[in-house]
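Q:
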Amino acid sequence: MKSYAKLNIFLKITGTRENYHEISSRFILYKSLFDKICFEKSEFQNRDEDLKIVSNIKINGDNIINKAFKELLKTKFKDKISDFFKTHKVILEKNIPMGAGLGGGSSNAAAFLNLTNQTLNLNFSKKELIEISKNIGSDVAFFITEFESANVSGVGEIVENFNDDIPNLEVFTPSIFASTPEIYAKFRADFMNKIDLNLAKKLKNLSTKEILKKYKNYELNDLLAPFQAMNPNFKLKENEFFSGSGSSYFKIKGKI
Numbered sequence: 001m002k003s004y005a006k007l008n009i010f011l012k013i014t015g016t017r018e019n020y021h022e023i024s025s026r027f028i029l030y031k032s033l034f035d036k037i038c039f040e041k042s043e044f045q046n047r048d049e050d051l052k053i054v055s056n057i058k059i060n061g062d063n064i065i066n067k068a069f070k071e072l073l074k075t076k077f078k079d080k081i082s083d084f085f086k087t088h089k090v091i092l093e094k095n096i097p098m099g100a101g102l103g104g105g106s107s108n109a110a111a112f113l114n115l116t117n118q119t120l121n122l123n124f125s126k127k128e129l130i131e132i133s134k135n136i137g138s139d140v141a142f143f144i145t146e147f148e149s150a151n152v153s154g155v156g157e158i159v160e161n162f163n164d165d166i167p168n169l170e171v172f173t174p175s176i177f178a179s180t181p182e183i184y185a186k187f188r189a190d191f192m193n194k195i196d197l198n199l200a201k202k203l204k205n206l207s208t209k210e211i212l213k214k215y216k217n218y219e220l221n222d223l224l225a226p227f228q229a230m231n232p233n234f235k236l237k238e239n240e241f242f243s244g245s246g247s248s249y250f251k252i253k254g255k256i
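For what it's worth, UniProt numbering labels the leading residue of the sequence shown as 1, then goes sequentially.
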């Protein structure tokens with residue numbers, strides 16, 4: 001199963017909820033960049049409580065796919081899921097850069113949930129899978145829906161399909177690792193007074209094409225300012241737009 005990257009066409013902070021930030025954002029699937037995830041029969045029985053994950057990168061025990069597995073074990077299909085993964089391993093081919101604002105980890109967790117649901121015929125609805133994903137990560141819900149474009153709000157759990165007009169985009173990822181919690185903490189400390197709820201409302205009704213034509217990069221993503229404050233050498237050209245908490249940015253293909 002392909003596990004696609006995402007781009008944030010706009011990302012506006014609209015408030016806080018305890019330690020979380022409420023957002024209004026347009027998420028689009030970026031299908032030119034994806035990881036791959038599949039299940040394979042293991043040669044040996046897995047006696048660990050954690051999943052057996054084989055990947056082209058180093059995987060820690062507290063990774064987001066394992067987190068998704070633990071949430072599935074809280075459901076009524078606990079035994080069926082546990083038995084399957086005693087004899088099967090997860091193969092993960094990583095291509096989406098980490099700490100890049102492209103949602104790679106959340107996408108992997110969602111792909112794991114969707115693939116487990118299909119493979120084991122669990123028949124969870126998308127709504128039920130989104131409920132399961134609430135303790136995994138805030139972007140997971142969007143990826144579970146498999147929508148090409150959506151308006152995402154709340155703390156990421158409200159995902160509304162959007163009939164969009166998306167130009168051909170290309171993505172660039174500089175060699176700067178961006179810690180999402182640190183960027184949000186910087187926003188809360190220094191930029192919270194710049195919240196613009198009116199612009200957030202306007203943007204959700206416009207197509208991606210209209211948004212990128214009409215607005216400046218610094219107007220569209222509230223996390224650009226804290227990211228630049230923490231990385232003063234990072235500069236964007238006028239036709240380049242920031243995704244998520246960075247460090248990736250994108251532009252309309254062919255535009256100089």
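All C-beta atoms in this analysis are idealised placements derived from N, C-alpha and C, irrespective of residue type, glycine included.
Quick check: is the beta carbon of lysine 201 nearer than 7 angstroms to any beta carbon in chain B?
A: Given the protein chain composition of this structure (a single chain), no chain B is represented.
Q: For isoleucine 132, count neighbouring Cβ atoms within 10 angstroms of its own Cβ and tell me buried if that reaches 16, exposed if not.
A: buried
Q: Express the C-alpha separation of asparagine 8 and isoleucine 23 in angstroms, rounding to a whole number.
A: 11 angstroms
Q: What ranges does the alpha helix (DSSP H) occupy inside the UniProt domain "GHMP kinase N-terminal" (63 to 144), keeping only unbroken runs of at least 4 residues that lie completely in it?
A: 64 to 72, 78 to 86, 104 to 119 and 126 to 133
Q: Spatial neighbours of glutamate 93 within its chain, please: CB distance less than 8 angstroms, with the 5 preceding and 5 following residues excluded, ordered by chain position.
A: Asp35, Lys36, Ile37, Ser55 and Asn56
Q: Can you say whether asparagine 239 is buried or exposed, counting buried as having 16 or more other CB atoms within 10 angstroms of its CB?
A: exposed
Q: Classify glutamate 71: buried if its beta carbon has 16 or more other beta carbons within 10 angstroms, exposed otherwise.
A: When all chains shown are included, glutamate 71 counts as buried.
Q: Per DSSP, which residues does asparagine 198 bridge with? Please list them.
A: Among the bridge pairs identified by DSSP, asparagine 198 is matched with none.
Q: Output needed for residue 278: all residues of its chain with C-beta closer than 6 angstroms, excluding positions within five of it in sequence on either side, in chain order.
A: This structure cannot settle anything about residue 278, because the visible part of the chain is limited to 1 through 256.
Q: Once DSSP output is grouped into helix, strand and coil, what is the label at leucine 206?
A: coil
Q: Can you tell me whether aspartate 165 is helix, strand or coil according to DSSP?
A: coil
Q: On the DSSP bridge assignment, give the partners of glutamate 170 in chain order.
A: Lys251
Q: Thinking C-alpha only, which one of Ser3, Tyr4, Ser25 and Glu148 is nearest lysine 204?
A: Ser25
Q: For glutamate 170, I'd like the list of residues in its chain whose CB is within less than 7 angstroms of its CB, leaving aside the five on either flank, ordered along the chain.
A: Cβ within range, chain order: Phe250, Lys251 and Lys253.
Q: What do you get for aspartate 190, buried or exposed, if any count of 16 or more other CB atoms within 10 angstroms of its CB means buried?
A: Per the 10 Å Cβ criterion, exposed.
Q: Does the distance from the CB of phenylalanine 77 to the CB of leucine 122 come in under 7 angstroms?
A: yes
Q: By DSSP, does isoleucine 183 sit in helix, in strand, or in coil?
A: helix
Q: So, at 6 angstroms on beta carbons, what are the nonlocal neighbours of glutamate 148 in its own chain, with the 5 sequence-adjacent residues on each side left out?
A: Leu29
Q: Do the CB positions of proline 167 and lysine 209 come within less than 7 angstroms of each other?
A: yes
Q: On a Cα-Cα basis, can you pick out the residue from Arg47, Asn95, Lys52 and Asp48 that is closest to glutamate 40?
A: Lys52
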